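Before any comments, here is the structure.
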Amino acid sequence: MRSLLFIIVMALAPAASQAAEVSVLADEKDKPIAYQAAPGEVNKVRAGAPAGIANQLRVSDPGIPVTVAATASSCTSESTAGFLCTGGPKLFIVLLDDGDDVFAGSASATVFMVEGGIGEDVIRNASQAQGDDGDDTLVAPGADSILDGNDGDDILTGYLGEDIIGGGAGADRIRGGGGRDEARGGDGNDVIDGGPGQDRIYGEKGNDKLSVGAGAANFADGGAGRDTINARNRQRDRINCGPGRGDVATVDEVDRVRNCETVRIRR
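Residue numbers (our numbering): -3 to 263.
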């Protein structure tokens, strides 16, 4: 799974110094603000609008020296570990590096896109978040989001929006939120809970455990491997255990079930 975030990140050059840098991607639409961490740092980034000022963005990263490039003319350093951008930037891109980093977004008119880099990262409230190598934790905000765990045993949690969630390689734990979500486990023995809402969940490769949420009809596909699917939610779900052998599905009588060796029906 590769999102727009991955494409933009590939266009960013590595940080030239041991200070995090703030710049503007002039070739991109709306000229987003980019914050790029330096190798060897452990970043704890917080970003959001100052209280009562919707068209500004304040960012802090305690203990990390920050350089504001001349191209980022709307941003000014507030201290050695933070900066303020005026004019309501529509998009803020954060490229972390090789530490066990943290990003936490708060209420803002700015859209956050965060790439965690190598390490066990925690990314909360970013509209697009990518974990990369490491056992990462990604949590969606209330709006529509894209979460990509990539390699590692990741924990991915949707929220109220219509989320697209991909675990990547590893034994991932995925839970959708209240919207119409799409979740894919990728390679590995994954646990996926669609949560409330009308969801589409795919175990893909591995011995996966899938659960559909209550309140709406869902679709679940186990994919390759020995999968276990729980669809007891009193809705008319569509269940496909996939090409593996030894699959088990626990379903309601009204569900439509395919390719499952063992089917347990709740009447």
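Glycine included, each C-beta is placed from N, C-alpha and C at the ideal position. From a predicted model like this one, the values you see are computed outputs, not experimental measurements.
For residue i and residue j, what's the separation of their Cα atoms in angstroms?
i: valine 247; j: asparagine 226; result: 6 Å
i: aspartate 149; j: arginine 230; result: 32 Å
i: tyrosine 198; j: aspartate 132; result: 20 Å
i: glutamate 24; j: alanine 125; result: Per-residue confidence for glutamate 24 stands at a pLDDT of 49, beneath the threshold of 50, marking its modelled position as unreliable; no derived number is given.
i: glutamine 194; j: glycine 59; result: 44 Å
i: glycine 238; j: valine 41; result: 42 Å
i: glycine 240; j: isoleucine 89; result: 40 Å
i: valine 259; j: alanine 245; result: 5 Å
i: tyrosine 31; j: arginine 180; result: 29 Å
Mapping DSSP to helix, strand and coil, what is residue i?
i: tyrosine 155; result: coil
i: alanine 245; result: strand
i: glutamate 24; result: Only weak support exists for where glutamate 24 lies, its pLDDT of 49 falling under 50; the coordinates are left without a value.
i: isoleucine 49; result: coil
i: alanine 236; result: Looking at the sequence itself, residue 236 is asparagine, so the reference to alanine does not match. Asparagine 236: strand per DSSP, three-state reduction.
i: glutamate 37; result: coil
i: lysine 205; result: strand
i: asparagine 146; result: coil
i: asparagine 214; result: coil
i: arginine 262; result: strand
i: threonine 106; result: coil
i: serine 56; result: strand
Compare the C-alpha of residue i against each of the options and name the closest.
i: alanine 330; options: Leu92, Thr106, Phe88; result: Because the chain here runs from -3 to 263, residue 330 falls outside it and cannot be looked at.
i: aspartate 128; options: Gly166, Gln32, Ala136, Ala100; result: Gly166
i: alanine 136; options: Gly130, Gly113, Gly175, Asp147; result: Gly175
i: valine 110; options: Leu143, Ala16, Ala245; result: Leu143
i: glycine 191; options: Ser19, Ser207, Gly112, Glu249; result: Ser207
i: asparagine 236; options: Gly209, Ala212, Glu200, Arg263; result: Glu200
i: alanine 210; options: Asp233, Gly202, Gly78, Ala34; result: Asp233
i: lysine 86; options: Glu17, Leu134, Gly112, Leu21; result: Leu21
i: glycine 130; options: Asp93, Ser141, Glu158; result: Asp93
i: valine 18; options: Pro61, Ala47, Asp204; result: Pro61
i: glycine 84; options: Thr224, Gly242, Arg54; result: Arg54
i: asparagine 185; options: Asp159, Thr82, Ala220, Phe215; result: Ala220
i: asparagine 214; options: Phe99, Val250, Thr153, Gly36; result: Val250
i: asparagine 146; options: Gly112, Glu178, Gly95; result: Gly112
i: valine 187; options: Glu158, Gly218, Gly173, Asp177; result: Gly218
Throw me the rounded Cβ distance for the residue i and residue j pair, which I believe falls under 8 Å.
i: asparagine 121; j: glycine 101; result: 4 Å
i: alanine 16; j: aspartate 57; result: 6 Å
Are any of the Cβ atoms in chain B nearer than 8 Å to that of residue i?
i: alanine 100; result: Note that chain B does not occur in the displayed structure, where there is just one protein chain.
State whether the stretch 111 to 120 contacts the stretch 62 to 82, with contact taken as three or more CB pairs (one from each stretch) at a distance under 8 Å. Too few Cβ pairs lie closer than 8 Å, so no.
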